[in-house]
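Student:
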Amino acid sequence: MHDGHHDHEPAGKRDHDAPLTDYQRMEIAVRELLIEKGVVTADEIRRTVEAMDARSPAIGARVVAHAWTDPAFKARLLANGTAACEELGVEMGPTKLVVVENTADTHNMIVCTLCSCYPRMLLGLPPDWYKGRAYRARAVREPRRVLKEFGFNIPDNFNLRVHDSTADMRYMVLPARPAGTDGWSEERLAAIVTRDCMIGVAVPKVQ
Amino acid sequence: MSARFKTGDRVFVRQAEPIGHVRTPYYIRGKTGSIERLCGEFPNPEELAFGRSGLPRLPMYRVRFLQTEIWPDYRGRALDSVDVEIYEHWLESARQG
Numbered sequence: 001m002h003d004g005h006h007d008h009e010p011a012g013k014r015d016h017d018a019p020l021t022d023y024q025r026m027e028i029a030v031r032e033l034l035i036e037k038g039v040v041t042a043d044e045i046r047r048t049v050e051a052m053d054a055r056s057p058a059i060g061a062r063v064v065a066h067a068w069t070d071p072a073f074k075a076r077l078l079a080n081g082t083a084a085c086e087e088l089g090v091e092m093g094p095t096k097l098v099v100v101e102n103t104a105d106t107h108n109m110i111v112c113t114l115c116s117c118y119p120r121m122l123l124g125l126p127p128d129w130y131k132g133r134a135y136r137a138r139a140v141r142e143p144r145r146v147l148k149e150f151g152f153n154i155p156d157n158f159n160l161r162v163h164d165s166t167a168d169m170r171y172m173v174l175p176a177r178p179a180g181t182d183g184w185s186e187e188r189l190a191a192i193v194t195r196d197c198m199i200g201v202a203v204p205k206v207q
Numbered sequence: 208m209s210a211r212f213k214t215g216d217r218v219f220v221r222q223a224e225p226i227g228h229v230r231t232p233y234y235i236r237g238k239t240g241s242i243e244r245l246c247g248e249f250p251n252p253e254e255l256a257f258g259r260s261g262l263p264r265l266p267m268y269r270v271r272f273l274q275t276e277i278w279p280d281y282r283g284r285a286l287d288s289v290d291v292e293i294y295e296h297w298l299e300s301a302r303q304g
């Protein structure tokens, strides 16, 4: 070590690196083997990770804003989410998307109680709370309290529909277009559609 | 394999506890709901988990359960519901009456 004045600190403390978990070790071992055996290259893995990290809720917001301004597209989106998103040039890969619509009397929210299934092609990586046990257990057990904790007081006359992504489908909420947005461009509309609105723990607000 | 159920059919989720990788959550086992839609046919995840083919593909459905059916002490509206994806081999017909 050459940075003299730090030498008295234990190395681990300086770096905030926790010891590897078993699964992290396993991932590294499998990845290195795949590269060694020529199944994939390190650059292919890096590029895939880069593409995953580059996806953000802006993609989903663009889809929602388009559905708000084009009723025929909205109908196609609700009938076949994957095909409709591909129409807009969204790369969907193997994702089978179900879009659920908030209406005048129904609110939808998404959870994966088994793990953390999430529409990554449209929203990017899931937030930590979505993967946590508290949200996963409580979203199906006491969803109205959960929404309240997110700051959303669901009106008493709304039915609440929770969607548990337990298998091969992925879900996105199509929020209701808020009043006061007449004549807005798709770009301006997309800006009020946040990640949480498309998971269904919030609704779009006009500032 | 042709799908055994159609939208609107009442179905009962088997109350079983097989070991291995199962994607039917515990909280809806033994509960009755209605078929919301047929999602298509998919390889059986309980087989895929062991490196097998998962074939033949199984019909897979979205089943809608009323919250009050799942949790007797549920606090909310009578029509509040949870939709869960379930493979056909977990479902049995639940005729009303």
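In order, the protein sequence lines correspond to chains A and B.
Here the working numbering is used: the first residue of the first sequence is 1, the next is one more, and so on.
Here the working numbering is used: the first residue of the second sequence is 208, the next is one more, and so on.
Where is the CB? At the ideal position from N, CA and C, for every residue including glycine.
Everything numeric in this text was worked out from a predicted model, so none of it was measured.
Where does THR239 (chain B) fall in DSSP's three states?
Tutor: By one-based count along the second sequence, residue 239 (chain B) stands at place 32. Three-state result, THR239 (chain B): strand.
Student: Give a yes or no on whether 8 Å exceeds the smallest Cβ distance from ARG284 (chain B) to chain A.
Tutor: Locating residue 284 (chain B) in the second sequence gives position 77, counting from the first residue. So, interface residue.
Student: Alpha carbon to alpha carbon, how far is LYS131 (chain A) from THR113 (chain A)?
Tutor: For the purposes of this step, residue 131 (chain A) is taken as residue 131 along the first sequence, with counting starting at 1. For the purposes of this step, residue 113 (chain A) is taken as residue 113 along the first sequence, with counting starting at 1. Going by the C-alpha atoms only, they are around 9 Å apart.
Student: Would you call the stretch 80-91 of chain A and the stretch 151-162 of chain A touching, i.e. three or more CB-CB distances under 8 Å?
Tutor: no
Student: Quick check on HIS228 (chain B): does DSSP put it in helix, strand or coil?
Tutor: The count along the second sequence starts at 1 and reaches residue 228 (chain B) at position 21. If DSSP states are grouped into helix, strand and coil, HIS228 (chain B) belongs with coil.
Student: With distances taken from CA atoms, which of B:GLU276, B:ARG269, B:ASP287 and B:GLU224 is nearest LEU245 (chain B)?
Tutor: Working through the second sequence from its first residue, we reach residue 245 (chain B) at position 38. Comparing Cα-Cα distances from LEU245 (chain B) to each of B:GLU276, B:ARG269, B:ASP287 and B:GLU224, the minimum goes to B:ARG269.
Student: I need the DSSP call for ARG161 (chain A), collapsed to helix, strand or coil.
Tutor: On the first sequence, residue 161 (chain A) is found 161 positions in, with the first residue counted as 1. The answer is strand: DSSP assigns ARG161 (chain A) an E or B state.
Student: Assuming SER56 (chain A) and GLY151 (chain A) form a contact by the criterion Cβ under 8 Å, report the distance between their Cβ atoms to the nearest whole angstrom.
Tutor: Position 56 of the first sequence, counting from 1, holds the residue named residue 56 (chain A). Position 151 of the first sequence, counting from 1, holds the residue named residue 151 (chain A). With a Cβ gap of about 22 Å, SER56 (chain A) and GLY151 (chain A) do not count as contacting.
Student: Could you compute how far the alpha carbon of GLY240 (chain B) sits from the alpha carbon of ALA42 (chain A)?
Tutor: Taking the second sequence and counting its residues from 1, the one referred to as residue 240 (chain B) is at position 33. Taking the first sequence and counting its residues from 1, the one referred to as residue 42 (chain A) is at position 42. GLY240 (chain B) and ALA42 (chain A) have their C-alpha atoms roughly 47 Å apart.
Student: Please name the residue or residues paired with PRO266 (chain B) in a DSSP beta bridge.
Tutor: Residue numbering aside, residue 266 (chain B) sits at position 59 when the second sequence is read from its first letter. Answer is B:GLU248, bridged to PRO266 (chain B).
Student: Can you find the residues in the same chain that come closer than 8 Å, C-beta to C-beta, to ASP213 (chain B), ignoring five residues on each side of it along the sequence?
Tutor: Working through the second sequence from its first residue, we reach residue 213 (chain B) at position 6. Asp is not the amino acid found at residue 213 (chain B); the sequence shown has Lys there. So the qualifying residues of the chain are ILE242 and LEU245.
Student: Quick one: what's got a C-beta closer than 6 Å to PRO126 (chain A)'s C-beta in the same chain, skipping five residues either side?
Tutor: In the first sequence, residue 126 (chain A) corresponds to position 126, counting from 1. So the qualifying residues of the chain are SER116 and TYR118.
Student: Helix, strand or coil: which one does DSSP assign to GLU292 (chain B)?
Tutor: Mapped onto the second sequence, residue 292 (chain B) falls at position 85. Strand at GLU292 (chain B).
Student: Does DSSP put ARG31 (chain A) in a helix, a strand or coil?
Tutor: In the first sequence, counting from the first residue as 1, residue 31 (chain A) sits at position 31. The DSSP-derived three-state label of ARG31 (chain A) is helix.
Student: For the structure I just gave you, are there three or more beta carbon pairs, one from the stretch 273-283 of chain B and one from the stretch 244-263 of chain B, closer than 8 Å?
Tutor: At 8 Å Cβ cutoff, the stretches do not touch.
Student: What in chain E is Cβ-close to LEU114 (chain A), meaning under 8 Å?
Tutor: This model lacks chain E altogether, as its protein chains are A and B.
Student: May I ask you to list the residues that DSSP assigns as paired with LEU174 (chain A)?
Tutor: Position 174 of the first sequence, counted from the start, is the residue given in the question as residue 174 (chain A). LEU174 (chain A) pairs with A:GLU101.
Student: Taking GLU286 (chain B) as the reference, which of A:HIS107, A:VAL99 and A:ARG76 has the closest Cα?
Tutor: Position 79 of the second sequence, counting from 1, holds the residue named residue 286 (chain B). Going by the sequence as given, residue 286 (chain B) is Leu instead of Glu. Nearest C-alpha to LEU286 (chain B) among A:HIS107, A:VAL99 and A:ARG76: A:HIS107.
Student: Which same chain residues end up closer than 6 Å to VAL40 (chain A) when comparing Cβ atoms and leaving out the 5 residues on each side of it in sequence?
Tutor: Along the first sequence, read from residue 1 onward, the residue named residue 40 (chain A) stands at position 40. Only LEU34 meet the Cβ criterion.
Student: Tell me, to the nearest whole angstrom, how far the beta carbon of TYR262 (chain B) is from that of TYR294 (chain B); I am working on the premise that it is less than 8 Å.
Tutor: One-based indexing of the second sequence puts residue 262 (chain B) at position 55. One-based indexing of the second sequence puts residue 294 (chain B) at position 87. According to the sequence as given, residue 262 (chain B) is Leu; it is not Tyr. Rounded, the Cβ-Cβ distance is 13 Å, inconsistent with contact.
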